[in-house]
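When the letters of the sequence shown are read in order and numbered with numbering that gives the first Met the number 0, they come out as residues 0 to 748.
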Amino acid sequence: MATGGKSCEPGGPRYTNRLINEKSPYLLQHAHNPVDWYPWGQEAFDKAKKENKLIFLSVGYSTCHWCHVMEEESFKNKEIGEIMSKNFVCIKVDREERPDVDKVYMTFVQATSGGGGWPMSVWLTPDLKPFAGGTYFPPDDRVYRVGFRTLLLRIAEQWNQNKDALLENSQKIMEALQIQARIRGQAQESPPPSEEVMALCFQQLSKSYDEEYGGFSEFPKFPTPVNLNFLFTYWALHRSTPEGARALQMALHTLRMMACGGIHDHIGQGFHRYSTDQQWHVPHFEKMLYDQGQLVTAYTRAFQISGDEFFADVAGDILLYVSRDLSDQAGGFYSAEDADSYPTAASAEKREGAFCVWTAEEIRALLPDPVEGAAEGTTLGDVFMHHYGVKEDGNVSPEKDPHGELRGKNVLMSRSSPERTAARFGLPRGRLGALLHRGRQSLAPRPLPEPVPVACAGLMISGFAQAGAVLAKEEYVRRAARAAAFLQRHLFDAASGRLLRSCYRGEDNAVEQGAVPIQGFLEDYVFVIQALFDLYEASLDQGWLEWALQLQHTQDKLFWDPKGFAYFFSEAGDPSLLLRLKDDQDGAEPSANSVTVMNLLRAACYSGHMEWVEKAGQILAAFSERLLKIPIALPEMARASAAFHHTLKQVVICGDPQGEDTKDLLRCVHSVFCPNKVEVPALALASSGSGETADNFGGSEQSRSHSGSSLLCVILAVGRAIFGINIPGPSHDLAAGKKTCVMRIASSQ
0 MATGGKSCEP GGPRYTNRLI NEKSPYLLQH AHNPVDWYPW GQEAFDKAKK
50 ENKLIFLSVG YSTCHWCHVM EEESFKNKEI GEIMSKNFVC IKVDREERPD
100 VDKVYMTFVQ ATSGGGGWPM SVWLTPDLKP FAGGTYFPPD DRVYRVGFRT
150 LLLRIAEQWN QNKDALLENS QKIMEALQIQ ARIRGQAQES PPPSEEVMAL
200 CFQQLSKSYD EEYGGFSEFP KFPTPVNLNF LFTYWALHRS TPEGARALQM
250 ALHTLRMMAC GGIHDHIGQG FHRYSTDQQW HVPHFEKMLY DQGQLVTAYT
300 RAFQISGDEF FADVAGDILL YVSRDLSDQA GGFYSAEDAD SYPTAASAEK
350 REGAFCVWTA EEIRALLPDP VEGAAEGTTL GDVFMHHYGV KEDGNVSPEK
400 DPHGELRGKN VLMSRSSPER TAARFGLPRG RLGALLHRGR QSLAPRPLPE
450 PVPVACAGLM ISGFAQAGAV LAKEEYVRRA ARAAAFLQRH LFDAASGRLL
500 RSCYRGEDNA VEQGAVPIQG FLEDYVFVIQ ALFDLYEASL DQGWLEWALQ
550 LQHTQDKLFW DPKGFAYFFS EAGDPSLLLR LKDDQDGAEP SANSVTVMNL
600 LRAACYSGHM EWVEKAGQIL AAFSERLLKI PIALPEMARA SAAFHHTLKQ
650 VVICGDPQGE DTKDLLRCVH SVFCPNKVEV PALALASSGS GETADNFGGS
700 EQSRSHSGSS LLCVILAVGR AIFGINIPGP SHDLAAGKKT CVMRIASSQ
């Protein structure tokens, strides 16, 4: 959800453009620029054609630091604004509202410049074909970069003097992009073998792995949960091999180093978008909902596998942050927290990471209390500063602070273990934890973030649901259910069966849509369907399963490519979109087709509609070339290919879904990491104790067992051979065979 922006200029804003009528907070941030901005739409397109003008397209999002920088330097500059408005039709797009537009032109920018990012700046012909573009441009020429002002004038001159050549080049560019973006499968084509795909993906990740600090690049360093989830699955399938052990070590070490680094907000909780350095130390300070949702899942799985409470604590830390700062009172989630913030509630100017960094003097002033039992004169500030790497002159290197906003400041990072810090000050290990907690609480008060639109809420619902199931926290499952109910109430049209993209917070905190609601895209369906499956397995509420299956049918109708297979990102029929794309990379978020493979396999298990299994295979076949050559680009799809070839292991729960003994048994099932399992709909089992048989769902033998009036039966296909370990629990009698595994609970135990 979002609220509108407001001007802080004394006496009111000097300029106002037509973006003032929009709901998007990103567009509203630019509503008082001295630029004749248009939103993406027919009015702007008609103006460009009528006046025979080029289009300047600027794409970003409301919490992006470099988007703010370019606005301050260029879009608020009156002279640059006049050049823009005179020579171009200027269009602003919020990528959170229109990811389809963003993807089309980002494909062009990446293909022509070798990189991409936001703000994205693209110049288009009047018929919307791109011919020049990039990301951030400084306002004036620098040693190695042409300035935005110079670029505007050069492009305007080229349009006036060499229009025909420019149009011809733009047409050639589009033809090349259409060929490059084509992803097609052939009828009867088989999916690639998962063993080969998984092995190559592991090798490629292993080669790029940073042995010292974890992660898969030097810098900048992104969390990439898709890589970590692949490694967990690879370990589960190869746990007795050296490669499997290495996969697990890589994933756990990366998660631990991230949690100790500055990318993890040790005071405000949650994780920042990425680290600018190799050590996970200095982040760009925006926090994205999709990162929190995926990282909760990754840390939860790390705990599930290792049993180390450290990972469970980090998962809880993320969920605390989301519950406090990214949750709306109506039940929805805000999609991000801004990188730039006000240092205090009374400040008029935002600074990057303002309430996430500290001077040594500030910490000493806030934590002056002496520490009993430590050397004389030792204060809580001394202990806190040692543990979190605080330096007198700041711990941020100048090259990671190009605008000097972090000079003399410290980004907290935990590079000293609790044991070493406790030993350094002669304190008991348990006492140190309480002291550090007290210090964090004292530094915590800060201004609240400005909310931004609901988007990618499905990933966060999955995070809450999976953490609730694994950590046995029913409050997390309830929060996931509340968010799903919000989506069903405000972002779902029951009449058409379709999802909407986003909504906003209006007057009196009412939930509002824009004048023309934006329809959901493929990723919205995919992440919500995944979330509803996860929520169903955590809660056994049949309603979530039924809605998920309904949405899967709708997704098939709107996005499936019957000729080339796989799903398009957007619907057909929008003349303003020059390319209808299929994502071919798992990046900050897993690509929609990657997640859909697993969704389809789960949907087939739940419903018995085997045509969904066929669709899953067709997706893998359509991406087979990429999977066989560079599976590191699609680790989530590589992971899903293993589920497709091995088939999902089906767990059948028999008993009252609300019964405590059923929940107790479910907790045992959820405590074990098995990436290729699915809990099929619960069966009603009579309580007469007559020894009824639970039907098998996966082709395995039927199993029979009874234990008085509270008999519960779980069939785990391939049993111990799949899980690899016994399911714990003092009240559980486990009998495992090659094909089936029977578990029972008696109410008297």
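C-beta atoms are modelled at their ideal positions from N, C-alpha and C, and glycine is treated no differently.
Check, Outcome
"For a quick check, are the C-beta atoms of Leu539 and Val103 less than 8 Å apart?", "no"
"Checking 8 Å against the spacing of the C-beta atoms, do Leu366 and Thr377 come in under that value?", "no"
"Any contact of the region 568-584 with the region 505-517, i.e. 3+ C-beta pairs under 8 Å?", "no"
"Check the C-beta distance from Gly467 over to Gly184 and give it rounded, since I have them as a contact under 8 Å.", "Going by Cβ atoms, the distance from Gly467 to Gly184 rounds to 37 Å, so no, they are not a contact pair."
"Less than 8 Å separating the beta-carbons of Leu435 and Phe354?", "no"
"Is the distance from the Cβ of Val58 to the Cβ of Thr299 below 8 Å?", "no"
"For Ser23, collect the residues of the same chain with a Cβ closer than 6 Å to its Cβ; drop the 5 residues on either side in sequence, then sort them by chain order.", "Asp93, Glu96"
"DSSP on Glu348, reduced to helix/strand/coil?", "coil"
"Quick one: using the 10 Å Cβ neighbour count with 16 as the cut-off for buried, is Glu610 buried or exposed?", "exposed"
"Taking Cβ to Cβ, would you say Ile460 is nearer than 8 Å to Leu534?", "yes"
"Excluding sequence positions up to five away, which residues of its chain have a Cβ less than 7 Å from the Cβ of Ala641?", "Ser193, Met197, Thr232, Leu236, Asn675"
"Which partner residues of Leu151 appear in the DSSP bridge assignment?", "DSSP, once it has assigned bridges, lists no residue as partnering Leu151."
"For the beta strand (DSSP E) that Gln41 lies in, which residues bound it at each end?", "Per DSSP, Gln41 belongs to no beta strand (DSSP E); it is in the alpha helix (DSSP H), 41-50."
"Mapping the DSSP letters down to three states, classify His283 as helix, strand or coil.", "strand"
"Checking the sheet assignment: what are the DSSP bridge partners for Asp93?", "Gly59"
"Could you pull the start and end residues of the beta strand (DSSP E) that Met256 belongs to?", "No beta strand (DSSP E) holds Met256; the alpha helix (DSSP H) holding it covers 241-259."
"Using C-beta distances below 6 Å, list every residue in its chain close to Gly213, excluding the 5 sequence neighbours before and after it, in chain order.", "His252, Thr253, Met256"
"Okay, do the region 546-566 and the region 615-624 touch, 3+ Cβ pairs below 8 Å being the bar?", "yes"
"Over the uninterrupted beta strand (DSSP E) stretch that includes Leu123, give me the two end residues.", "119-123"
"Is it the case that the region 300-310 contacts the region 415-435, given that we only count it when at least three CB pairs across the two stretches are under 8 Å?", "no"
"Distance, Cα to Cα, Ala359 vs Phe87?", "49 Å"
"Measuring CB atoms only, is the region 646-666 touching the region 221-231, in the sense that at least three cross pairs come out at less than 8 Å?", "no"
"If we count Cβ pairs, one from each stretch, closer than 8 Å, do we get three or more for the region 629-637 versus the region 589-606?", "yes"
"Is it buried or exposed for Gly156, if we count other Cβ within 10 angstroms and need 16 for buried?", "Before going on, a small fix: residue 156 reads as Glu here, not Gly. Exposed is the call here."
"Which two residues bound the contiguous alpha helix (DSSP H) that contains Gly429?", "428-442"
"When you compare only the Cα positions, how much space is there between Trp756 and Gly146?", "Because the chain is modelled from 0 through 748, residue 756 falls outside the range shown and cannot be assessed."
"Hey, could you find the ends of the beta strand (DSSP E) Gly132 is sitting in?", "129-133"
"Grab me the residues of Ala830's own chain with a C-beta within less than 8 Å of its C-beta, minus the 5 sequence neighbours each way, in chain order.", "As shown, the chain starts at 0 and ends at 748. That puts residue 830 outside it, with no answer to give."
"Helix, strand or coil, according to DSSP, for Arg504 in the structure here?", "strand"
"Would you say Glu285 and Cys89 are within 8 Å of each other, going by their C-beta atoms?", "no"
"Under 8 Å by Cβ, that's how I've got Gln268 and Asp316 pegged, so tell me the actual separation to the nearest angstrom.", "5 Å"
"Assuming Arg439 and Ile629 are in contact, meaning their beta carbons sit under 8 Å apart, how far apart are those beta carbons, in whole angstroms?", "That pair is no contact at about 42 Å."
"Beta carbon of Pro12, beta carbon of Phe520: below 8 Å?", "no"
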